[in-house]
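Heads up, the thing below is written out as structure tokens.
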Amino acid sequence: PMSSTNDIRASFLDYFGKAGHAKVHSAPLVPYNDPTLMFVNAGMVPFKNVFTGLETRDPPRATSSQKCVRAGGKHNDLDNVGYTARHHTFFEMLGNFSFGDYFKEQAIEHAWNLLTKEWGIPAEKLTTTVYHTDDEAFELWKKIAGLPDHKIIRISTSDNFWSMGDTGPCGPCSEIFYDHGEHIWGGPPGSPEEDGDRFIEIWNLVFMQFEQKADGSRDPLPKPSIDTGMGLERIAAVMQGVHDNYDIDTFKALIAASESLTGVKAEGPTQASHRVIADHLRSTSFLLADGVLPSNEGRGYVLRRIMRRAMRHAHLLGASEPLMHRLVPSLVTEMGQAYPELARAQALISEVLEREETRFRQTLDKGLRLLDEATGNMGDGDELPGETAFKLYDTYGFPYDLTEDALRSRGIGVDREGFDAAMAQQKAAARAAWKGSGDAASGEVWFDIAEREGATEFTGYTSTDGEGRV
Ligand code: ATP
Ligand code: MG
Ligand code: MG
Ligand code: MG
Numbered sequence: 012p013m014s015s016t017n018d019i020r021a022s023f024l025d026y027f028g029k030a031g032h033a034k035v036h037s038a039p040l041v042p043y044n045d046p047t048l049m050f051v052n053a054g055m056v057p058f059k060n061v062f063t064g065l066e067t068r069d070p071p072r073a074t075s076s077q078k079c080v081r082a083g084g085k086h087n088d089l090d091n092v093g094y095t096a097r098h099h100t101f102f103e104m105l106g107n108f109s110f111g112d113y114f115k116e117q118a119i120e121h122a123w124n125l126l127t128k129e130w131g132i133p134a135e136k137l138t139t140t141v142y143h144t145d146d147e148a149f150e151l152w153k154k155i156a157g158l159p160d161h162k163i164i165r166i167s168t169s170d171n172f173w174s175m176g177d178t179g180p181c182g183p184c185s186e187i188f189y190d191h192g193e194h195i196w197g198g199p200p201g202s203p204e205e206d207g208d209r210f211i212e213i214w215n216l217v218f219m220q221f222e223q224k225a226d227g228s229r230d231p232l233p234k235p236s237i238d239t240g241m242g243l244e245r246i247a248a249v250m251q252g253v254h255d256n257y258d259i260d261t262f263k264a265l266i267a268a269s270e271s272l273t274g275v276k277a278e279g280p281t282q283a284s285h286r287v288i289a290d291h292l293r294s295t296s297f298l299l300a301d302g303v304l305p306s307n308e309g310r311g312y313v314l315r316r317i318m319r320r321a322m323r324h325a326h327l328l329g330a331s332e333p334l335m336h337r338l339v340p341s342l343v344t345e346m347g348q349a350y351p352e353l354a355r356a357q358a359l360i361s362e363v364l365e366r367e368e369t370r371f372r373q374t375l376d377k378g379l380r381l382l383d384e385a386t387g388n389m390g391d392g393d394e395l396p397g398e399t400a401f402k403l404y405d406t407y408g409f410p411y412d413l414t415e416d417a418l419r420s421r422g423i424g425v426d427r428e429g430f431d432a433a434m435a436q437q438k439a440a441a442r443a444a445w446k447g448s449g450d451a452a453s454g455e456v457w458f459d460i461a462e463r464e465g466a467t468e469f470t471g472y473t474s475t476d477g478e479g480r481v
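Listed below in structure tokens is the structure:
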């Protein structure tokens with residue numbers, strides 16, 4: 012049965028709306044209740060204060076389709092885009108939430124009913140996981156879904172234990188996987204092949220059951236809560252009978268637009284470029300609509316990094332003029348109704364994308380030429396020297412990960428340590444130059460500030476090892 016992605020979103024919200032949940036519009040991508048988090052990366056983020064008890068909600072149940080970006084910090088899926096069937100930098104997380112109201116049994120019942128009864132997904136295609144000590148969840152899956160024991164897999168890693176932070180609500184979780192079939196490489200969760208794309212995780216049910224204390228102990232919560240998250244694009248793939256997220260209606264439309272504007276079919280080696288462009292168009296447009304502007308630090312740098320990466324792929328497809336802004340109308344056609352803020356910001360998004368791409372194209376050619384020269388006789392397993400990567404960054408505006416991405420198809424790596432060292436050296440040189448110029452006392456103060464700013468900027472592009480902190 013074909014259902015559009017827009018229909019599936021509506022159907023999810025209606026299902027939980029009928030079950031007493033308040034329908035809540037997605038919060039902006041820039042978290043308003045957590046200045047330390049780079050971008051909202053899960054449906055529960057806007058409800059943090061409700062889960063910790065600082066805020067209350069009536070009714071104590073909510074449902075939403077939350078805009079999420081995972082392109083930095085603890086959850087960074089940037090490098091997966093274009094290469095796995097299931098990862099985006101921007102995606103929508105469908106969720107139902109119980110704030111101290113219903114718990115495990117009803118959460119499992121709702122999930123199972125929606126998937127198998129309302130939407131008619133065959134039960135035999137589904138496998139679940141539970142945290143290894145969560146006998147209660149194991150028994151509930153048996154009772155409610157009638158799943159055989161081998162399809163309720165006990166997992167002992169942190170994948171199946173969720174916590175909000177070092178302290179606060181936490182608890183076991185249970186994930187639901189869809190089996191796309193034997194012809195695709197991969198194995199069930201917990202197996203050595205689990206990272207393949209055969210069994211794709213569609214829904215994560217979190218049972219907030221304990222309060223993590225600073226001393227390491229855990230107390231049971233007086234009123235346990237539920238937080239669930241299902242990737243809309245992943246469930247759309249299942250319901251549209253395709254394996255790959257990039258083959259669902261929304262992505263097909265965006266890729267068709269970039270095919271027609273570049274005159275290059277998404278086949279073989281150009282497929283990844285079209286996918287990266289479509290994905291990054293969504294993340295950059297939604298970030299711009301939520302007030303993030305490209306800059307050289309923090310959130311703005313993550314945005315710029317994503318944009319430039321897409322722009323390099325446009326160049327790779329042979330686009331001789333800026334491309335990204337010309338794709339915006341297709342995106343608004345696909346998603347503007349569900350997200351009026353996107354439609355409202357259309358002019359701004361187009362303007363910023365065109366300006367940025369025009370500007371970046373001025374140095375892109377020269378940078379790529381330098382990169383070609385530097386790697387002319389390199390091959391699989393070789394490494395680009397860190398100083399070259401730094402020069403590309405410093406002189407040609409190539410974000411580090413763009414250089415990495417550009418060399419990936421040839422199996423060439425980048426010397427990260429060398430890059431960091433070159434960066435540190437440049438900062439030290441600037442510092443020394445400043446000190447030598449006279450007024451030492453005020454120089455110190457200036458550099459204290461610059462250093463702190465620098466630290467922010469640094470997180471902007473190395474955030475793979477950060478904690479999602481700005
Ligand atoms: P995976 O293991 O596949 O990376 P995850 O365990 O990191 O997923 P969760 O943090 O549990 O994902 O998020 C809840 C749901 O959101 C997932 O079950 C999945 O359907 C969806 N999801 C997570 N990351 C992405 C992404 N980068 N792109 C698209 N959907 C995603
Ligand atoms: Mg993940
Ligand atoms: Mg997972
Ligand atoms: Mg998960």
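Residue numbers (the UniProt record's numbering): 12 to 481.
We treat Cβ as the ideally placed atom computed from N, Cα and C, and that holds for glycine.
- Secondary structure at Met175: coil, using DSSP grouped into helix, strand and coil.
- Counting along the chain, Thr140 sits inside the beta strand (DSSP E) bounded by residues Leu137 to Tyr142.
- Gln348 is classed as exposed because its beta carbon has fewer than 16 other beta carbons within 10 Å across all chains shown.
- A straight line joining the alpha-carbon of Tyr43 with that of Lys34 spans about 19 Å.
- Put simply, the backbone Cα of Ile155 is about 29 Å away from that of Thr63.
- It is roughly 9 Å from the alpha-carbon of Gln223 to the alpha-carbon of Gly182.
- Assignment of Lys402 by DSSP, reduced to helix, strand and coil, places it in the helix class.
- Glu129 is positioned such that its CB atom lies no closer than 8 Å to that of Leu243.
- By the C-beta density criterion, Gln437 is exposed, having fewer than 16 other C-beta atoms within 10 angstroms.
- Residue pairing by DSSP places Met104 opposite Gln77 and Gly242 in a beta bridge.
- Taking the C-beta atoms as reference points, His285 is found no nearer than 8 Å to Ala321.
- Looking from the CA of Ala96, the closest CA among Val249, Ala432 and Lys402 belongs to Val249.
- Taking a cut-off of 8 Å for Cβ pairs, the segment 61 to 77 and the segment 108 to 124 touch, as three or more such pairs fall below it.
- Secondary structure of Asp190 (DSSP, three-state): strand.
- Inclusion of Arg427 and Gly397 in the CB contact set at 8 Å is warranted, their separation being smaller than that value.
- Glu150: member of the alpha helix (DSSP H) spanning Asp146 to Ala156, first to last residue.
- Per the DSSP secondary-structure output, Ala432 pairs with nothing in a beta bridge.
- CA-to-CA, the gap between Ile164 and Met175 works out to about 24 Å.
- A direct Cα-to-Cα measurement between Phe430 and Met219 gives close to 42 Å.
- A direct Cα-to-Cα measurement between Ala148 and Ser185 gives close to 8 Å.
- If you look at Met335, you'll find it isn't in any beta strand (DSSP E); it sits in the alpha helix (DSSP H) that goes Met335 to Met346.
- In the DSSP annotation of this structure, the continuous segment of the alpha helix (DSSP H) that includes Lys59 starts and ends at Lys59 to Phe62.
- Ligand 1 has no heavy atom closer than 7 Å to the beta-carbon of His191.
- In the assembly as shown, Gly252 is an exposed residue. Its beta-carbon has fewer than 16 other beta-carbons within 10 Å.
- Comparing C-alpha distances from Leu359 to each of Lys276, Ile132 and Leu299 shows the shortest one belongs to Leu299.
- In this structure, Asn215 has its beta carbon less than 7 Å from a heavy atom of ligand 4.
- Taken in chain order, no unbroken stretch of alpha helix (DSSP H) lies wholly in the segment 23 to 54 with a span of 4 residues or more.
- Within the model, the alpha-carbon separation for Asn52 versus Asp45 is close to 12 Å.
- Distance check between Trp214 and each of Asp146, Ser236 and Leu126 places Leu126 closest, using alpha-carbon atoms only.
- When the Cα atoms are used, Asp260 and Gly227 turn out to be separated by approximately 47 Å.
- Contact between Leu272 and Leu334 is confirmed by a C-beta separation of about 6 Å, below the 8 Å threshold.
- Put simply, of Phe23, Tyr94, Val61 and Ser341 the residue whose alpha carbon is nearest the alpha carbon of Asn256 is Tyr94.
- At least one heavy atom of ligand 4 lies less than 7 Å from the C-beta of Glu186.
- For Gln223, the uninterrupted beta strand (DSSP E) segment begins and ends at Phe210 to Gln223.
- Here DSSP, grouped into helix, strand and coil, assigns Ser331 to coil.
- Straight-line spacing of the CA atoms in His143 and Thr168 works out to 8 Å.
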